[in-house]
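Here the sequence shown is numbered in my numbering, starting from 6 and rising by one per residue.
Just so you know, even glycine gets a beta-carbon here, dropped at the ideal spot from N, CA and C.
The next block holds one structure in the form of C-alpha cells; read it before the comments.
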Amino acid sequence: MSNIAIRVDDLSKQYTIGLAQRRHDTLRDQIMDSLRSIFRSNGHGSTSGRKCSGASTTIWALKNISFEIKHGEVVGIIGRNGAGKSTLLKILSRITDPTTGRVEIYGRVGSLLEVGTGFHGELTGRENIYLNGAILGMRRGEIENKFDQIVAFAEVEKFIDTPVKRYSSGMYVRLAFAVAAHLEPELLIVDEVLSVGDAAFQRKCLGKMSDVAREGRTVLFVSHNMLAVKHLCGRALLLEGGSCNSTSLGERTDREGDQRLKFLAYQLLDSCRNEALASVSAGQDLSIAFRYES
C-alpha cells in the first residue's frame, strides 16, 4: 500500500474576472444575471451613463504546482494574502475543480475552510453533525459514539437544537472544527478560520490537531501565525504568486515571527519634561511609552 496521502501534479487554477464568462449554477444566479442585464440595458450602474462593455480578464490563482504529502504528516501551508492558499484547499476539499493538472487523495477528507462552508444554515447543529458524518461515509452508530464529544468540545450544548444560521461566527467555527476533527477523517484540512475564535479556543484547537497527528492522520494547516505553524507542523509549503516552493520552517519562522507584538508594560510621561507621571489632569499634554517584544 502506498504511503502517499496527497499527490498534486502540475496543478493550475484559472479564474475569469469580469462579465464575459457567466455561469448559472442556481436559479438565483440566473435571475440575478437577468436583472443585471436589465440594469445595464437601461444605463444604470455606471456613473458616466455608458453601458458596460462586458470586458474580462483571467488570472492564475495557482500555476503548475506539484508536491506529495505522506500519511501521518502535519504540513503547514504559508504565504501572503492572495498567494493561492485557500484556492488550493478548496481543490483538495473537492469544492472547486482545477483548470489543469491532477490531484490524487487517498482517504476521507474533513475540511474547515471559511465560515459558511460545510453546514446548512436552516438545519440545527445536531442535524448538521449527522449530515457531515453521512457525507464522510460514517454509519449513524459511529456518529452517535462521537456526538457528545463533538458538542462538549464546541461548547454549544444549549444551542445544539438551534438552526446554525442563528449561531455567532465563534459558535459556528467551534462546532465546525469539532465536527471536522472528531469524525475521524484520514486527512484534516484547517484554514485560517480559527482566527475567528478566542485565544483559549485556538489553543484548544491546536491541541486537538496535535492529538489527530499523533493518531497517525494527515493534517494540512494554513495560518499566518508562524509560531503556531512551527509548533504543530513538521514542514511547510510556501505559496508565492500561485507557485509552490518548499521552505525551511525554522528559517521562515525566525525571519517573520508570528507578525504580532507582545506588550510588556507602558508608562505615562510628561510631554515637556519627559518624566513619569503618577496621575494626569484633564487637558494635560502627555506621552505614552510602551515596552514590547516581537
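Which residues mark the beginning and the end of the alpha helix (DSSP H) in which T174 is found? Locating residue 174 in the sequence shown gives position 169, counting from the first residue. In the sequence under discussion, the amino acid at residue 174 is Ser, which differs from the Thr named in the question. Run containing S174: 174-187, per the alpha helix (DSSP H) assignment.
Give me the Cβ distance between D15 and N69, rounded to the nearest whole Å; I'm assuming they're in contact under 8 Å. As a working note, residue 15 is residue 10 in the sequence shown. As a working note, residue 69 is residue 64 in the sequence shown. Confirmed, Cβ separation roughly 5 Å.
Distance, F158 Cα to S284 Cα: Taking the sequence shown and counting its residues from 1, the one referred to as residue 284 is at position 279. Taking the sequence shown and counting its residues from 1, the one referred to as residue 158 is at position 153. Cα-Cα distance, rounded: 46 Å.
Residue interval of the beta strand (DSSP E) (run including L241): Looking up residue 241 in the sequence shown gives position 236. It should be pointed out that residue 241 corresponds to Ala in this sequence rather than to Leu. 240-245 is the span of the beta strand (DSSP E), which, as asked, contains A241.
Rounded to whole angstroms, what is the Cα-Cα separation between I9 and E189? As a first step, residue 9 is located in the sequence shown; it is residue number 4 there, counting from the start. As a first step, residue 189 is located in the sequence shown; it is residue number 184 there, counting from the start. Cα-Cα distance, rounded: 18 Å.
Start and end of the beta strand (DSSP E) containing V80? Position 75 of the sequence shown, counted from the first residue, corresponds to residue 80. Start and end: 79-83.
Consult DSSP for T92 and reduce its assignment to one of helix, strand or coil. Here residue 92 is taken as the residue at index 87 of the sequence shown, counted from 1. Helix at T92.
Can you name the residues that DSSP bridges to L291? The residue you call residue 291 lines up with position 286 of the sequence shown. According to DSSP, which records beta bridges pairwise, L291 is partnered with D275.
Nearest-angstrom Cα distance between A183 and D38? Working through the sequence shown from its first residue, we reach residue 183 at position 178. Working through the sequence shown from its first residue, we reach residue 38 at position 33. As the crow flies, the alpha-carbon of A183 is around 38 Å from that of D38.
Are S276 and S286 touching if we call contact CB-CB under 8 Å? Locating residue 276 in the sequence shown gives position 271, where the first residue counts as 1. Locating residue 286 in the sequence shown gives position 281, where the first residue counts as 1. Cβ distance not < 8 Å, so S276 and S286 don't count as in contact.
Per-residue burial, D216 [other beta carbons within 10 Å of its own, 16 or more giving buried]: To locate residue 216, count along the sequence shown from 1; it is residue 211. Exposed, because fewer than 16 other Cβ atoms sit within 10 Å of the Cβ of D216.
Using the Cα positions of I194 and I36, report the straight-line distance between them to the nearest angstrom. Locating residue 194 in the sequence shown gives position 189, where the first residue counts as 1. Locating residue 36 in the sequence shown gives position 31, where the first residue counts as 1. For I194 and I36, the distance between alpha carbons rounds to 34 Å.
6 Å Cβ shell around Q154 - same chain, five flanking residues per side excluded: For the purposes of this step, residue 154 is taken as the residue at position 149 of the sequence shown. Here the set comprises H187.
Buried or exposed for E162, going by 16 or more other Cβ atoms inside 10 Å? The residue labelled residue 162 in the question sits at position 157 within the sequence shown. So E162 ends up on the exposed side.
Span of the beta strand (DSSP E) around I110: Within the sequence shown, numbered from 1, the residue matching residue 110 stands at position 105. Run containing I110: 105-110, per the beta strand (DSSP E) assignment.
Looking at C-alpha atoms only, which residue of Q289, L274, I110 is the closest neighbour of F295? Along the sequence shown, one-based indexing puts residue 295 at 290. The shortest C-alpha separation from F295 is found at L274.
Taking three-plus beta-carbon pairs below 8 Å as touching, is the region 82-101 in contact with the region 224-241? yes
Assign R208 to one of three DSSP states: helix, strand, or coil. Indexing the sequence shown from 1 puts residue 208 at position 203. Helix, per DSSP.
From the DSSP output, in three-state form, read off R171 for me. Here residue 171 refers to the residue found at position 166 of the sequence shown. Correct three-state label for R171: helix.
Secondary structure at H49, three-state DSSP: helix, strand or coil? By one-based count along the sequence shown, residue 49 stands at place 44. A caution first: H49 carries a pLDDT of 49, below 50, which makes its placement in the model too unreliable to give a value.
Could you tell me how far apart the beta carbons of G89 and L244 are, in whole angstroms, since I believe they sit closer than 8 Å? Position 84 of the sequence shown, counting from 1, holds the residue named residue 89. Position 239 of the sequence shown, counting from 1, holds the residue named residue 244. At roughly 5 Å, the Cβ-Cβ gap stays under 8 Å, so G89 and L244 are in contact.
Less than 8 Å between the CB atoms is what I'm expecting for L211 and L237, so what's the real figure, rounded? Translated into positions along the sequence shown, residue 211 becomes position 206. Translated into positions along the sequence shown, residue 237 becomes position 232. Confirmed, about 6 Å.
What span of residues does the beta strand (DSSP E) with I194 cover, start to end? Within the sequence shown, numbered from 1, the residue matching residue 194 stands at position 189. Start and end: 192-195.
So what's F124 in DSSP terms, helix, strand or just coil? Taking the first residue of the sequence shown as position 1, residue 124 is located at position 119. Three-state DSSP puts F124 in coil, outside helix and strand.
Proximity to L117 [Cα-Cα], best of T62, R99, G146, A204: Translated into positions along the sequence shown, residue 117 becomes position 112. Scanning T62, R99, G146, A204 for the CA closest to the CA of L117 turns up R99.
Bridge partner(s) assigned by DSSP for I9: Locating residue 9 in the sequence shown gives position 4, where the first residue counts as 1. DSSP, once it has assigned bridges, lists K75 as partnering I9.
With 16 other CB atoms within 10 Å as the buried threshold, where does K151 fall? Counted from its first residue, the sequence shown places residue 151 at position 146. K151 should be labelled buried.
State the beta-bridge partners of Q154 as determined by DSSP. Residue 154 sits at position 149 when you count from the first residue of the sequence shown. According to DSSP, Q154 bridges with nothing at all.
Is it right to say D196 is buried, meaning 16 or more other beta carbons lie within 10 angstroms of its own, or is it exposed? For the purposes of this step, residue 196 is identified with residue 191 of the sequence shown, where counting begins at 1. Buried, because 16 or more other Cβ atoms sit within 10 Å of the Cβ of D196.
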